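FYI, the numbering for the sequence shown is 312 to 460, going by the numbering used here.
Even for Gly, the Cβ is constructed at its ideal location relative to N, Cα and C.
Just so we're clear, the structure is a prediction, and the values are computed from it rather than from any experiment.
Below: one structure, written as structure tokens.
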Amino acid sequence: MPTRRTILIGTLAFGAGAVVLSQKADEVVGALGVDPSPQTRESDTARVNQALAESQTLLAAATSFAAPHAVDLLTAQIRGLGGSPTTPVRRDPISRDEFAAQLQNARKRRESDAVGSVSAQLAQVFAAMAAGLAQLATSISTGSEESNT
312 MPTRRTILIG TLAFGAGAVV LSQKADEVVG ALGVDPSPQT RESDTARVNQ ALAESQTLLA
372 AATSFAAPHA VDLLTAQIRG LGGSPTTPVR RDPISRDEFA AQLQNARKRR ESDAVGSVSA
432 QLAQVFAAMA AGLAQLATSI STGSEESNT
């Protein structure tokens, strides 16, 4: 009769072997020229859609605020997420402080998205977006956006 130690060691060895084989299987399939199609997770798709919608809203604010650097950054971020930047019109004026606050709030959400993303590549995209939004918020709040135009 096998002991608990034997069963435990056997289970661990089997698990380690399965992990190694699964990694090797990916390498073998890749060497054969098969390009695996990544499966997107619904949670990541929802994060991307939310980020796109929020970026479009920020783009409208940047357009009404007449901040060309903000428009350029937000347009690049929207395209980076696979979206098409629209030219939204915001009817109500926005103050510098309000726009900077919206950018900071978006930055916090992108940081949260980066942490919660299943895909490592998407996490990097969200982290880069957060960094760009943080820099933009700082430049808007200090008024350096106007001096660059």
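Buried is the label assigned to Val-382, since at least 16 other Cβ atoms lie within 10 Å of its Cβ.
By the Cβ rule, the stretch 389-400 does not count as touching the stretch 412-428, because fewer than three pairs are nearer than 8 Å. Counting only unbroken stretches of 4 or more residues, the alpha helix (DSSP H) elements lying wholly within the stretch 404-451 are 407-427, in sequence order. For Arg-358, the closest of Thr-322, Leu-433, Arg-407 by C-alpha to C-alpha distance is Leu-433.
For Ala-371, the enclosing alpha helix (DSSP H) covers residues 353-376.
One Cα belongs to Thr-368, the other to Arg-401, and the distance between them is close to 9 Å.
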